[in-house]
Every structure is written in structure tokens, then in C-alpha cells.
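**Student:** Numbering (this note's numbering), first residue to last: 217 to 855.
Each residue gets a CB set at the ideal place from its N, CA and C atoms; glycine is no exception.
Okay, handing you the structure first.
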Amino acid sequence: MPKITLPDGKKLSFPKEVTGLEIAEKISKSLFKQALIMSVDGELKDLYFQIKDDCSVKIFTAKDPEGLDAIRHDTTHIMAMAVQELFPGTKLAIGPAIKDGFYYDFSREEPFTPNDLEKIEIRMKEIIEKDEKTRREVWEREKTKKHYSALGEKYKVELVDMIPEDNEVSIYYHGEWYDLCRGPHLLSTGRIGKYFKLTKVAGAYWRGDSKNEMLQRIYGTGWASQKDLDDYLKRIEEAEKRDHRKLGKEMDLFHFREESPGSVFWHEKGWALFQKLINYMRAKQDLAGYKEVNTPEVLDRLLWEKSGHWEKYGENMYTSETPDEKVFAIKPMNCPGHIQVFNQGLKSYRDLPLRITEFGKVHRYEPSGALHGLLRVRAFTQDDAHIFCSEDQITSECLNVTNLILEIYKDLGFENVILKYADRPAVRVGEDEIWDKAEASLLKAVKASKLEYSINKGEGAFYGPKIEFVLRDAIGRDWQCGTVQVDLNLPGRLDASYVDKDGTKKVPVMLHRALFGSLERFIGILIENYAGKFPFWISPLQTVVIPISEDFEEYAKKVSTKIREAGITSMVDLKNHNLNYKIRDHSLAKIPLLIICGKKEVDSNSVTIRRLDSNKQENMELNSFLKKFSALNKAPSNI
RNA sequence: GCCCUUGUAGCUCAGCUGGUAGAGCAAUUGAUUUGUAAUCAAUAGGUCCGCGGUUCGAAUCCGUGCGGGGGCACCA
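If you want it as C-alpha cells, here you go:
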């Protein structure tokens, strides 16, 4: 006589054991039709699971995240089924639902081609049309392993071994085809719907370990309705339009080339943007008490050995041998250099906290497969700083950094920031007691910031724990940018010390911090966030002056000069094209402000402006224009 | 680094089963002097990523190297 409690608190009684489907039927006809899976006392179950005892039940449909996940999970099973039918001998690994879709990892000699994906998709649709019934069986552990060994499904055998001892080993059937799976699954393949699309084939290591065999992973996207699928595909298309590599080329900001993979050739406009950001940050950091320095790019191997980089980070370092056979390394980080600056002269506790900053260009030999436009490069400029302080200053300094980061992100249009706290990694330098101390003070700062945070276990730097600042962009993507890292190791290794109040020598704590992280990467993110339409104050070319005809060229030149004198970038378009052409041309180039000069403007010593994405015309007297836009030519927090 | 995929004019791309390249835009020149998203015409422009091979003949087929893209691993 199970008594079922529903999410709204209602209770239903049944005379004997009951399935989820029967409960759904009792609730409503539409739920009966739409039900996919359910949870019984919080545990996800198949709808045909027999409920014997009192419990609370929630039925999920495609509208619930749990239901959508179940659809994706079912879809990937059907994909595996189609693959094994079409390509006999293909072995299975794992096939989970993921964000926006699903994948399945296969082991097969021959590669899958894009053409194969189409065939698989067609077969999947046939299977769904057949509306094959789903059935769950519990198999005995050893029998399962023997069964899969006999089939040569070695990954399934491994998976059985990974199932905790007290869990059942369940096998799901879709018609005749079956797969080892935890479930739950939908009642039949017909409930999946056909709102999916196989998107790509990719290599993936078994269990995510590069020492293992590489499997073939087929990715797909799956949704509850045609509209959701279309929306998703449209979202992908939108994101592609914002791709900074595409916009960087179109807007003539930078390029890459074979001779130096992963290094940026900045063009005039891209570099202007770069410099604007640096100048902006210089001013902010100056107010926040930072001292800017500059340290060498090439440093003796001995220093890197002493700092621990040679051993822990050597694989990623560029090295260089000089004609006198000395070995130097091109810096992958600025920290050792900054400690050398700190070490000059005797430091007292009164000097702390000492905040040393540098727009330092670093080189890191990244694996070729990791390179990605501006977002992952081999040579980049860090807005780096190292704060030398005492242990009891750690928390407040971390908070200062946090506030500075939030202000800067906000100025650049990012209001949504979350924190990630990462603690000690497996490969590290320093005693565990030191790590205990560092982690405790940093975590205190994280909590004091009152921002939302998550914990990244074992993801810290080799010399200390860190906070990462993650910002969310205009289309909802997260980017990790800034970071603060507590370091109780490096200063000691490189003999940094200060004289404390009591006259004794102490080793300072060093905080590593970056605001944008990498200027290159941050510009990539900015381009994508704004889809290339930068706010006026950072736009690399802020105005283009367009004379209506040859007669007004002189006036246009005069206006452009005045604008440049006011500190706003400007050029005159003297090409032999009509106004319409030029407006189109510069609008596509995403120039924020077009300035039109014709007879009317010359006569009244004025300009007519047209803002990007607006067709309104605003006429104003030249001087008031200059005054107005000079005032706007600043970061929001400085206006 | 690994798997798949890809590399043709400044850009975006076409070029079927092998017969030494083509369009649009951009550029240049000329005409036009234009009031808010493409004026017309002419001209010029290519080691078809590099190297090697198969072939009478290779942009096209094969091998290899380099670069790009999508993933995996990596992201100190």
C-alpha cells in the first residue's frame, strides 16, 4: 500500500506496488504522455521501476534539466547502437550526457568520417521510429565481466570493475541492443524525439589520461524540441560571428603567421587598443599604490634553477645558448625578476606591503594543440605584480587586489564575476606546514570578499594556492582572467628578506597577482564580448571624418586634426566614393563615430555625427562636440 | 604532444572522376562630386603552404614536413 508524496505535497495512495508511469497517469493525461524519468526519494529511476514503499516521487519531463539529460543520455545510447550496427566490431567506452548534448567514446581502427556521421544519424532516426522498448536487467558481476571479455569489450570490463561493490550491475536494453549503464532511461526509443544532431568527431583519451589509448569520440547536441535545437544552432552561429580570430582579421587588429606560431603580430589598430588598456591600468595601479618596474626577458639558467622553475616548469621554457656557451632562459614568469628588484637595498617592515608591477612579456612553450588565437598563445604580456608583505597583511592585500580587479572589470563591461579557490597541487615546492598557512590566509580573503566562490581541488600553482577571477561575458560564457596567488616559497628560495620591528630578519610573503592575466587573451575576450563594437573610450579608431564631396576635404581635415588634438583618434576618408559607400564601409569596420562634413557644417562650423548602429543624425557645433566627447573619452569609473 | 580535419588572388570562396586556374569584394586607373549602409567602367593581380614521389602530364593521387580548425591531454 505505497503512499506517494508529490512535489506539491499532495499524497496519492495505491493498493499495491506501482510504477512511475502509473503515477504519472493518475496525475494527468499529459504528464503520462510526457513523462521521461522520475526520482524516488531523490534518486533517479526508470518510470517502470516498481515502488513498494511510501516515498516521495517527482516525475520529470523534457522541461526539467533531469528530463533533458535523460533524453541526451538515451540519444547517445542510440548513437552507440547505430554505430555498432553500421560498423560491426566497434567497441564501446563511455557515453554520457554533457552540457548541450552528449558524446560516446568508441574504439575502432578506421576513423569515422563526417560522411559516417550522416549515416549514423539516419540510422538513429530509424531506431527512434521503431520505438524500441527499453528494459533493465541486473547482471551478476563476474558473469558481466566474462560476457564482455568474450566480446572483446575491454573498456566495459574495466567499467564493471569501477562500479562500487554494493551497487547493482545493470544492463539496459533498447530492443535487442544493450549496454552496461547506470541508467535511468526512457521507456522506449520513441520518447527521445529527433531533435538532435551529430556535430563532430574528435580524439579523446580513455579515462582522460594521455598515457592511455586514444578513442574516437562522437559529439552530438540534443534537445527537447526542434525550436530548442534551432536556437542552439543559432547560438553557435552567433558565437562564431564574434570569434576574435575572424574579427581580428576583418578589423585589421592583428595576425598570426607560420614563422612564429602562437605569437601575435599586432597591427596599428590592435596595438592602439593594447596601449589604451595598459595606460588605463597604469593609472589605476598608480592610485592603488603599485610601483611599475621592468625586468630582463632573458635570465641565466642558474636563477631559474634556484627558483625551482627549471625543474618544475622547464618543459615549457624557451632556452637560449649564447656564443660563450652559457644557457639562458627566456622568462615564462616575472616573479624571479621582481624578487631581484626587491632584494636591492635593505628592506624594513615599514616598506611593506611593497607592490611591484610590470607589463612583462613572457614566453611559454605551450603544446601546439593548445594554441588558440589570442586566447592561448606562446608569447604574451602579463599585467603582473608581486606584493611583498608580512603574513598578517595577506588577507587585506588579497582583498585590495579583489577590489581593484572588480573595478577594472566593471569599467570594461564585465559586472558578473565569480571566484575559484585552488589549493595545493600534487607537483609542488615547499613544506606542507607552509602550505597550510598559505591556504588558510587566502581562503580567509576569499570569504571576506563575500563573492560567490567554488573550490578547485589540487589546481594551485606549484609555489602556492590561488584565487582565480572568472568573468561572464555578454553571451554567457565564462573566462578565467585575473588571479592572486599566495607564495611562501619563492622569496625564501631567492633569499628575500626584510628587517622586522624587533630587528630580526624575516622572509616576506609574496603575492602574485594579475588583473587581466594576459593582455593578449583579455583583448580576445573583449573582442568577443563586444562583438568588435568597443565602447568609445577604448575603441582603437574612434572617429572617421567623411567629407560629402571634394569641396569639403579641407574642412574635414581640419575637423580631424582638432579631434586628434583633443586626444581622440581620427582619420579622414578621402576615397573617391559616395557617402553611402563610406558609411557602410566604416559601419562594417565598427567605427563608433562617423563625422559627416558638407556645406551645412562648413557654414555653421559644426559637425554631423552618426553613431554606430544608429541612423540618427546629430548636428552640433564643433567646439561643443570636442568638449562632449573628450569628456566621454575615459573609463566609466573616471568620468 | 595525440586523434580527426584543412591549406587556391589582400579577403571570402569555386575548381566534377588528373589535361599547367576562376568569381565576388578589396586594389589600381578613368569617369562621376555625391547628405546617411555598396555609382559605373576598365586594368592588374596566383611558387594553387613547403619538399619528395606516381604519371606523358598533378591545385587535383600518394608520402612527408609546416601552419590553421575541432576535440583530448596540457593551462605552471
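Among residues of its own chain, excluding the 5 on either side of alanine 296, which ones have a beta-carbon nearer than 7 Å to its beta-carbon?
**Tutor:** As a working note, residue 296 is residue 80 in the first sequence. The answer, listed in chain order, is Leu308, Gly311, Tyr320 and Asp395.
**Student:** By how many angstroms is the C-alpha of proline 304 removed from the C-alpha of leucine 328?
**Tutor:** Locating residue 328 in the first sequence gives position 112, where the first residue counts as 1. Locating residue 304 in the first sequence gives position 88, where the first residue counts as 1. Before going further, note that residue 328 is phenylalanine rather than leucine in the sequence given. Cα to Cα, phenylalanine 328 sits roughly 13 Å from proline 304.
**Student:** Three Cβ pairs or more, each shorter than 8 Å: is that satisfied between the region 331 to 348 and the region 395 to 412?
**Tutor:** Yes, since at least three Cβ pairs between the region 331 to 348 and the region 395 to 412 fall closer than 8 Å, the two stretches touch.
**Student:** Since I believe tyrosine 411 is in contact with glycine 857 (beta carbons under 8 Å), could you give me their beta-carbon distance rounded to a whole number of angstroms?
**Tutor:** Nothing can be reported for residue 857: it is not among the residues displayed for the chain, which extend from 217 to 855.
**Student:** What do you reckon, are the CB atoms on lysine 507 and isoleucine 555 nearer than 9 Å?
**Tutor:** Counting from one through the first sequence, the residue named residue 507 turns up at place 291. Counting from one through the first sequence, the residue named residue 555 turns up at place 339. No, the pair does not count as a contact, with Cβ atoms beyond the cut-off.
**Student:** When the Cα of serine 229 is compared with those of Met217, Ala240, Ile387 and Leu222, which residue comes out closest?
**Tutor:** Numbered from 1 along the first sequence, position 13 holds the residue referred to as residue 229. Taking only the C-alpha atoms, the option nearest serine 229 is Met217.
**Student:** So does the region 583 to 601 actually touch the region 721 to 739, counting three or more Cβ pairs closer than 8 Å?
**Tutor:** Touching, yes.
**Student:** Just the Cα atoms here: how many angstroms apart are isoleucine 767 and isoleucine 807?
**Tutor:** Reading the first sequence from its first residue, position 551 is the one you call residue 767. Reading the first sequence from its first residue, position 591 is the one you call residue 807. One detail in the question is off: residue 767 reads as aspartate in this sequence, not isoleucine. Looking at the two C-alpha atoms, the distance is approximately 24 Å.
**Student:** Which class does serine 441 belong to by DSSP, given the choice of helix, strand or coil?
**Tutor:** Numbered from 1 along the first sequence, position 225 holds the residue referred to as residue 441. Three-state DSSP puts serine 441 in coil, outside helix and strand.
**Student:** Taking the CB atoms as reference points, tell me whether alanine 251 and leucine 263 lie closer together than 9 Å.
**Tutor:** Mapped onto the first sequence, residue 251 falls at position 35. Mapped onto the first sequence, residue 263 falls at position 47. It is a contact, given that the beta carbons lie within the stated cut-off.
**Student:** If I follow the unbroken alpha helix (DSSP H) through histidine 802, where does it start and stop?
**Tutor:** Locating residue 802 in the first sequence gives position 586, where the first residue counts as 1. Histidine 802 -> alpha helix (DSSP H) spans 795 to 804.
**Student:** Provide the residue span of the beta strand (DSSP E) that contains valine 760, from first to last.
**Tutor:** Counting from one through the first sequence, the residue named residue 760 turns up at place 544. That run of the beta strand (DSSP E) goes 759 to 763.
**Student:** Roughly how many whole angstroms lie between the Cα atoms of isoleucine 683 and alanine 642?
**Tutor:** Locating residue 683 in the first sequence gives position 467, counting from the first residue. Locating residue 642 in the first sequence gives position 426, counting from the first residue. Answer to the nearest angstrom: the Cα atoms are 17 Å apart.
**Student:** Where does serine 365 land, buried or exposed, given buried means 16+ other C-beta within 10 angstroms?
**Tutor:** As a position in the first sequence, residue 365 is number 149, starting the count at 1. When all chains shown are included, serine 365 counts as exposed.
**Student:** Would the beta-carbon of valine 273 fall within 9 Å of that of leucine 222?
**Tutor:** In the first sequence, the residue the question calls residue 273 occupies position 57. In the first sequence, the residue the question calls residue 222 occupies position 6. For valine 273 and leucine 222, yes; Cβs fall inside 9 Å.
**Student:** Measure how close the beta-carbons of leucine 503 and alanine 545 come, nearest whole angstrom, since I'm counting them as under 8 Å.
**Tutor:** The residue given as residue 503 occupies position 287 in the first sequence. The residue given as residue 545 occupies position 329 in the first sequence. At roughly 34 Å, the Cβ-Cβ gap does not stay under 8 Å, so leucine 503 and alanine 545 are not in contact.
**Student:** Which residue from Lys335, Lys372, Ile387 and Gly368 puts its Cα closest to that of tryptophan 355?
**Tutor:** Indexing the first sequence from 1 puts residue 355 at position 139. Comparing Cα-Cα distances from tryptophan 355 to each of Lys335, Lys372, Ile387 and Gly368, the minimum goes to Ile387.
**Student:** On the DSSP letters alone, give me the boundaries of the beta strand (DSSP E) that tyrosine 320 sits inside.
**Tutor:** Looking up residue 320 in the first sequence gives position 104. Its beta strand (DSSP E) spans residues 317 to 323.
**Student:** From valine 234 to lysine 268, what distance separates their C-alpha atoms?
**Tutor:** Within the first sequence, numbered from 1, the residue matching residue 234 stands at position 18. Within the first sequence, numbered from 1, the residue matching residue 268 stands at position 52. Between valine 234 and lysine 268, the C-alpha separation is close to 7 Å.
**Student:** What do you get for glutamate 541, buried or exposed, if any count of 16 or more other CB atoms within 10 angstroms of its CB means buried?
**Tutor:** As a working note, residue 541 is residue 325 in the first sequence. The residue is exposed, with fewer than 16 neighbouring Cβ atoms inside 10 Å.
**Student:** Could you give the C-beta distance for leucine 591 and valine 633, rounded to a whole number, given that I count them as a contact under 8 Å?
**Tutor:** Taking the first sequence and counting its residues from 1, one reaches residue 591 at position 375. Taking the first sequence and counting its residues from 1, one reaches residue 633 at position 417. Contact flag wrong, Cβ pair sits at about 18 Å.
**Student:** Where do the N-terminal and C-terminal ends of the alpha helix (DSSP H) with leucine 615 fall, by residue?
**Tutor:** Stepping through the first sequence from its first residue, residue 615 is reached at position 399. From DSSP, the alpha helix (DSSP H) with leucine 615 extends over 610 to 627.
**Student:** Within the chosen definition, does the region 817 to 831 reach the region 461 to 469 through at least 3 CB pairs nearer than 8 Å?
**Tutor:** Because the criterion of three Cβ pairs below 8 Å is not met, the region 817 to 831 and the region 461 to 469 do not touch.
**Student:** Could you spell out the range, first to last residue, of the beta strand (DSSP E) harbouring asparagine 672?
**Tutor:** Taking the first residue of the first sequence as 1, we reach residue 672 at position 456. Taken as a continuous stretch (DSSP letters only), the beta strand (DSSP E) holding asparagine 672 covers 669 to 672.
**Student:** Our contact map puts phenylalanine 685 next to leucine 757 with C-beta atoms below 8 Å; I'd like the distance itself, whole angstroms only.
**Tutor:** For the purposes of this step, residue 685 is taken as the residue at position 469 of the first sequence. For the purposes of this step, residue 757 is taken as the residue at position 541 of the first sequence. The Cβ separation is near 30 Å, so there is no contact.
**Student:** Can you tell me the Cα-Cα spacing of serine 323 and cysteine 614, whole angstroms?
**Tutor:** Numbered from its first residue, the first sequence carries residue 323 at position 107. Numbered from its first residue, the first sequence carries residue 614 at position 398. If you take the alpha carbons of serine 323 and cysteine 614, they lie about 48 Å apart.
**Student:** Can you give me the Cβ contacts of methionine 787 inside the same chain, cut-off strictly under 6 Å, excluding the 5 residues immediately before and after it?
**Tutor:** Position 571 of the first sequence, counted from the start, is the residue given in the question as residue 787. Within the same chain, methionine 787 has close Cβ partners Val760.
**Student:** With a 10 Å radius around its C-beta and 16 neighbouring C-beta atoms as the bar for buried, classify proline 724 as buried or exposed.
**Tutor:** Residue 724 sits at position 508 when you count from the first residue of the first sequence. So proline 724 ends up on the buried side.
**Student:** Name the two residues that bound the continuous beta strand (DSSP E) containing phenylalanine 630.
**Tutor:** By one-based count along the first sequence, residue 630 stands at place 414. Counting along the chain, phenylalanine 630 falls outside any beta strand (DSSP E), and DSSP gives it neither H nor E.
**Student:** Going by DSSP in three states, glutamate 374 sits in which element: helix, strand or coil?
**Tutor:** Translated into positions along the first sequence, residue 374 becomes position 158. The answer is helix: DSSP assigns glutamate 374 an H, G or I state.
**Student:** Write down every uninterrupted run of the beta strand (DSSP E) in the region 546 to 604 whose length is 3 residues or greater and which is fully enclosed by it, in chain order.
**Tutor:** 570 to 579, all fully within the region 546 to 604.
**Student:** DSSP three-state label for aspartate 829, please.
**Tutor:** Counted from its first residue, the first sequence places residue 829 at position 613. Coil.
**Student:** Tell me, to the nearest whole angstrom, how far the beta carbon of glycine 478 is from that of arginine 594; I am working on the premise that it is less than 8 Å.
**Tutor:** In the first sequence, the residue the question calls residue 478 occupies position 262. In the first sequence, the residue the question calls residue 594 occupies position 378. 3 Å between Cβ atoms; contact.
**Student:** For arginine 433, tell me which candidate among Leu449, Tyr448, Lys450 and Thr415 has the shortest Cα-Cα distance.
**Tutor:** In the first sequence, residue 433 corresponds to position 217, counting from 1. Nearest option by C-alpha distance: Thr415.
**Student:** Are the region 527 to 535 and the region 571 to 587 touching, with three or more C-beta to C-beta distances below 8 Å?
**Tutor:** Contact between the region 527 to 535 and the region 571 to 587 is present, because at least three Cβ pairs lie under 8 Å.
**Student:** Out of Gly524, Arg451 and Gly486, point me to the one whose CA is closest to glycine 680's CA.
**Tutor:** Counting from 1 along the first sequence, the entry for residue 680 is found at position 464. Residue Gly524 is the option with its Cα nearest to glycine 680.
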